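Just so we're aligned: 305 in this note's numbering is position 119 of the sequence shown, and the numbers increase by one with no gaps anywhere.
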Amino acid sequence: MRSITAMTVGVLRAFIIALCVILASTVCVADESEQGSSKTVDVINGADLQLALDKHAKTSCTLRIRHSAELTCLVQESKVGDEISRHALLIPENIVLDLNGATLLLDLRSNSHGVRLSNHSGIRNGTIRVVRSENKGSQGIWHSAISIGAPYDDGGTPDKPGYFSKIEHWSIEDMTIDQPFAASAIQIMSEGCFGVIRRVRILDSKEALLGIGMDWGSVGKMTTADETIPLMRELWEKHEIYSTHPHDILVEDVTIGNLTRNVDANDAGVRCSACYNIRIHRVHVASAAAGVAIFGGDCGFEFAPKELRPLAHTGYEIDGLSIDKAFRIGMVLNGLSDNVYRSSLSHGYQMQLDPAQPGLSGVVIRNSQLRGDGSAKSLGMFITAVSNVQMQNVLIKDFDIGVRIKDWVDGLHLKSCDLSQNAQAQSISNAAAAPKGISFD
């Protein structure tokens, strides 16, 4: 009896060992050495990686690529609810993709997203390089290396908002991004919110539209041409459209290389349009048309849900920004909802909200350095349609004009700011509304 039992135990032990070997050689194995649920995958291309991601969708795990390698990602489609998403890679809900030093090569031959994030998802520890961009649409989100949110006209309807019209609790950390084409490196649209972009390096590019872009979006079919604004008001009142807005996003410890497209001041290291609660900390831009550009957007919050209106354009905080060479403007603060404003002048539109005031409200800028290239008409800062802006310990140098203050400025306070190393320290002029409440300490 003892010999039979021993033999049985031996056979069972051998079976267990063999089973462990088999399990260890499969695509995914549990890694108990990391905090929380972590799984490691062996993949050879983007299609393999997408299968692995889909397999573990909604399992609340970190999926780590085992080996540092280059993985080519072609455009593919996934069904998300009732929607079809076209992308090189879609990171599902509750998954953080740890590239573990790997490089994703995005081969984009049709209009699509690059790497697209879902709710409660993230990507970290690797490189994304866009290697091909063909048949791209006009929006900067198309063919961006990483995208969050829905493009214009892709946000669903008020009765049934699209899944991507609101993407929250996402992260981009410890990444290098190479975007050589006319798209953004990172683009956030619609209600991309409660997100973090941390320790990211964006490489030099002659064509990239933006380093990091944040733009409002829409639910329902919305147009912004001046002459269509009265019609949009009718649709908003019928609950057929509303605007969506990026918010509660932290950008910190980011380096952006030389972005030399330089068509206008929209070609920025970081650009925000109709957002709120955006913090930009310790961002370095080697060169760009503008270091940071903050706009009120075409329509501002004119067609936003009513509960958002008190938050419109509030909560901007910039600390530790540096740009080595701004070709046009070091920083843009322009809170005007320009299409709404023009529609009121030319098409008799009766505005719900003042498109100029308070504008960008309560912007705080600290411990920053803005440097130009000394060219004629270059501006350290361009400021219009703002209220209660606080600046402290900011160096602005090598511009034609250090600070250009225009219309609808109600409260601008500079403390311990150096404007002395420009051809002209500041310029104050207006055509529509005289600025007030300006102090230089």
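Where is the CB? At the ideal position from N, CA and C, for every residue including glycine. In this text, all values refer to a predicted model and were calculated from it rather than measured experimentally.
For residue i, three-class secondary structure by DSSP
i           : result
residue 350 : helix
residue 356 : strand
residue 497 : helix
residue 476 : strand
residue 393 : coil
residue 220 : Summary for residue 220: the model assigns pLDDT 39, below 50, so the residue's position carries little reliability; its value from the coordinates is reported in the next sentence. Coil at residue 220, not helix or strand.
residue 260 : strand
residue 419 : helix
residue 438 : strand
residue 604 : strand
residue 503 : strand
residue 628 : The structure shown does not extend to residue 628, since the chain is modelled only from 187 to 627, so the question has no answer here.
residue 381 : strand
residue 364 : strand
residue 241 : helix
residue 325 : coil
residue 414 : helix
residue 233 : helix
residue 424 : coil
residue 207 : For residue 207, the pLDDT reaches just 35, beneath the cut-off of 50, and the residue's location in the model is therefore unreliable, although a value from the coordinates is still provided. Helix.
Sequence-distant residues of the same chain with beta carbon closer than 7 Å to residue i, five excluded per side
i           : result
residue 291 : 256, 257, 258, 259, 315, 317
residue 266 : 349
residue 281 : 239, 242, 243, 247, 249, 307
residue 462 : 431, 433, 497, 498, 499, 500, 501
residue 218 : Any reading at residue 218 must be qualified, since the residue scores a pLDDT of 32, below 50, and its modelled position is unreliable; no value is offered.
residue 325 : 337, 338
residue 545 : 482, 499, 521, 522, 571, 572, 573, 594
residue 534 : none
Close beta carbons around residue i, own chain, < 6 Å, minus the five adjacent residues each side
i           : result
residue 550 : 503, 576
residue 263 : 270, 272
residue 586 : 562, 563, 564, 609
residue 490 : 429
residue 481 : 459, 520
residue 626 : 600
residue 355 : 306, 380
residue 444 : 390, 472, 473
residue 137 : There is no way to answer for residue 137, as the model of the chain reaches only from 187 to 627.
residue 603 : 577, 580
residue 607 : 583
residue 515 : 451, 476, 565, 568
residue 361 : 386
residue 373 : 326, 327, 330, 333, 399
Straight-line gap, residue i to residue j (C-alpha atoms, nearest Å)
i           : j           : result
residue 579 : residue 337 : 38 Å
residue 590 : residue 621 : 11 Å
residue 277 : residue 288 : 16 Å
residue 133 : residue 328 : Past the edges of the chain, shown from 187 to 627, lies residue 133, and the structure says nothing about it.
residue 666 : residue 353 : The structure shown has nothing for residue 666, since the chain only spans 187 to 627.
residue 470 : residue 319 : 27 Å
residue 553 : residue 614 : 24 Å
residue 555 : residue 440 : 15 Å
residue 365 : residue 386 : 13 Å
residue 302 : residue 371 : 12 Å
residue 466 : residue 345 : 34 Å
residue 231 : residue 435 : 31 Å
residue 597 : residue 623 : 4 Å
residue 216 : residue 252 : Bear in mind that the predicted position of residue 216 carries a pLDDT of just 35, short of 50, making it unreliable; the figure below should be weighed with that in mind. Going from the Cα of residue 216 to the Cα of residue 252 covers about 12 Å.
residue 539 : residue 572 : 15 Å
residue 279 : residue 304 : 5 Å
residue 331 : residue 547 : 31 Å
residue 543 : residue 568 : 16 Å
residue 369 : residue 454 : 12 Å
residue 275 : residue 333 : 10 Å
residue 492 : residue 312 : 41 Å
residue 286 : residue 310 : 8 Å
residue 448 : residue 442 : 15 Å
residue 618 : residue 588 : 22 Å
residue 426 : residue 343 : 7 Å
residue 531 : residue 283 : 50 Å
Residues near residue i in its chain [Cβ-Cβ closer than 8 Å; skip 5 each side]
i           : result
residue 525 : 410, 411, 412, 415, 484, 485
residue 321 : 295, 296, 297
residue 341 : 347, 348, 350, 351, 376, 403, 404, 405, 406, 430
residue 518 : 451, 454, 476, 478, 479, 480, 481, 567, 568
Unbroken stretches of the alpha helix (DSSP H), 4 residues or longer, contained in the region 521–602: 524–532
Residue ranges of each alpha helix (DSSP H) within the region 243–314, 4 or longer: none
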